[in-house]
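Presented below is the structure to which this report refers.
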Amino acid sequence: MALLFSYAGADPESWRQEFAKHLPDLDFRVFPDVGDPADIEYVALWMHPLGDLRRYPNLKAILSFGAGVEHIIRDPELPEGVPIVRLVDDLVVRDMAMHAVHWVIHFHRNYHLYQQDQPKQLWRRHPHRDPAQRRVGFLGMGAMGAVAAKFVRDLGFSVAGWGRDPVSVEGVEFYQGDERLADFLRRTDILINVLPLTPATENLLNAERFALLPAGACVINISRGPILVEKDLVQALDSGHLEAAALDVFCSEPLAAQSPLWNHPKVFVTPHIAGINYAHSAARLMADNVKRIEAGEQPFPIYDPVRGY
Numbered sequence: 509m510a511l512l513f514s515y516a517g518a519d520p521e522s523w524r525q526e527f528a529k530h531l532p533d534l535d536f537r538v539f540p541d542v543g544d545p546a547d548i549e550y551v552a553l554w555m556h557p558l559g560d561l562r563r564y565p566n567l568k569a570i571l572s573f574g575a576g577v578e579h580i581i582r583d584p585e586l587p588e589g590v591p592i593v594r595l596v597d598d599l600v601v602r603d604m605a606m607h608a609v610h611w612v613i614h615f616h617r618n619y620h621l622y623q624q625d626q627p628k629q630l631w632r633r634h635p636h637r638d639p640a641q642r643r644v645g646f647l648g649m650g651a652m653g654a655v656a657a658k659f660v661r662d663l664g665f666s667v668a669g670w671g672r673d674p675v676s677v678e679g680v681e682f683y684q685g686d687e688r689l690a691d692f693l694r695r696t697d698i699l700i701n702v703l704p705l706t707p708a709t710e711n712l713l714n715a716e717r718f719a720l721l722p723a724g725a726c727v728i729n730i731s732r733g734p735i736l737v738e739k740d741l742v743q744a745l746d747s748g749h750l751e752a753a754a755l756d757v758f759c760s761e762p763l764a765a766q767s768p769l770w771n772h773p774k775v776f777v778t779p780h781i782a783g784i785n786y787a788h789s790a791a792r793l794m795a796d797n798v799k800r801i802e803a804g805e806q807p808f809p810i811y812d813p814v815r816g817y
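So the sequence shown is numbered by the working numbering: it starts at 509 and just counts up by one.
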C-alpha cells in the first residue's frame, strides 16, 4: 500500500515518521518521486499539480491537507469516483479560533489606532467600550465558526452567527438563510468570515455587503480569499465606512507585490497562517481514514459536491 505525499514547503521526513507510527507498513512516497503510478492507492496533498492525479489507476482516496478542497477540485481532470477526504483537525480549529480572538481583541481595544498613533508620537486614548457593547459576527457557523464563537462569547462580547443550516450555540444569536444575511450584517461591528468557498459564497463580501455593516466596522477574513472582493474592501476602507481589516487569505497567494493591501494603513496582512497543520495530529487523522477504507468503511468527512464542501 503506497501513499504519495505532495505538500510543497513541508518537511516530508517529519510526516513520514508520523505516518509510520500509525501505518508501519505504509510505502510513503514523496512527489515527484512517484515510482510506479499503479502502486499509489492514496494521495495526501496540498496544491498538487493539475492533471497529475489521473496517472494513478488504483487510487482509493484523495486526502486533503485542509478542510477546504478547492485546491483539488480546480483540477479539470480529477479521476471520477475517488472520494476527496477533508481534513478537519481540532488543533487547527483551535488555532484558527485563537487567531480570530486575537483580531477581535485587537480591534475592540483600538490597538490598530494606537499603532497608527505611535509613529506620530501621539499620546492619546481612544474611546473604549464594554465588550458586551461590541457586536461580533461569525459568517459561517460550522466546526470552526462555532468554536471561535464560543471563545469570543466567553470573553463577554455580544456574539451572533450566520449560516444556511440551523445551528444552536448557547449564548450566540443565530441568523439563518439568505433572507437574514442583511440583518446579520447590520448588527455586526466586527465581522469574521469563516465560510467555505463555494459557488454560492464566492464574492459574497462585496461593496453591497460592506455597506450593510455599521460605520466603523472591522472585517477579519480567515477562510478563503475569493469570498471577499478585495477592491471593494479597499474602497470601503478608503471611504471611511470600514475602520480596519485583518486578512489571512487572498484571491491570489502569495499576495502579489503590487497589491494595494500590502501598504494600506488600515489593512493587516498575515500569510495564510491562521490555522497550521501539525504533523503528529494530521497524520493520525489521515491514517485513521486509510484504515477505515482498508476495512471497507467510509472515510470522513468526505467532500460533498452538492453542498460545495
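No residue lacks a Cβ here, since even glycine has one placed at the ideal position from N, Cα and C.
Express the C-alpha separation of C726 and D662 in angstroms, rounding to a whole number.
20 Å
Given that a residue counts as buried once 16 or more other Cβ atoms are within 10 Å of its Cβ, and exposed if not, what is P704?
buried
Among the residues of its own chain, which have a CB less than 8 Å from the CB of K774, if the five just before and after it don't count?
H620, L745, L750, E751, A752 and A753
Cα separation between I581 and P627?
46 Å
Closer than 7 Å by C-beta to A510: which residues in its own chain qualify, once you throw out the five before and the five after it? Chain order, please.
D535, R537, D547, I548 and E549
What are the boundary residues of the alpha helix (DSSP H) that N797 is part of?
A787 to E802
Grouping DSSP H, G and I as helix and E and B as strand, with all else coil, what is D583?
coil
Between which two residues does the alpha helix (DSSP H) containing S760 stretch?
Where S760 is concerned, there is no enclosing alpha helix (DSSP H), given that its DSSP letter is neither H nor E.
I'd like to know whether the C-beta atoms of M652 and V677 end up nearer to each other than 9 Å.
no
Could you pull the start and end residues of the alpha helix (DSSP H) that I613 belongs to?
D598 to H616
G574 versus Q684, G804 and I781, residue with shortest Cα-Cα distance
I781
Can you tell me whether H507 is buried or exposed, with buried defined as 16 or more other CB within 10 angstroms of its CB?
Since the displayed the chain opens at 509 and closes at 817, residue 507 lies outside it and no answer follows.
Span separating the alpha-carbon of I810 from that of L720:
35 Å
Would you call F808 buried or exposed, if buried means 16 or more other Cβ atoms sit within 10 Å of its Cβ?
exposed
Give the DSSP-derived three-state secondary structure of F808 in the structure shown.
coil
How far does the alpha helix (DSSP H) with Q624 in it reach, from first residue to last?
Y619 to D625
Terminal residues of the continuous alpha helix (DSSP H) containing E681?
Where E681 is concerned, there is no enclosing alpha helix (DSSP H), although the beta strand (DSSP E) it sits in stretches over E681 to Q684.
Report the residue from Y817, D812 and V798 whose alpha carbon sits nearest the alpha carbon of K568.
V798
Inter-residue Cα distance where the pair is E802 and A657:
37 Å
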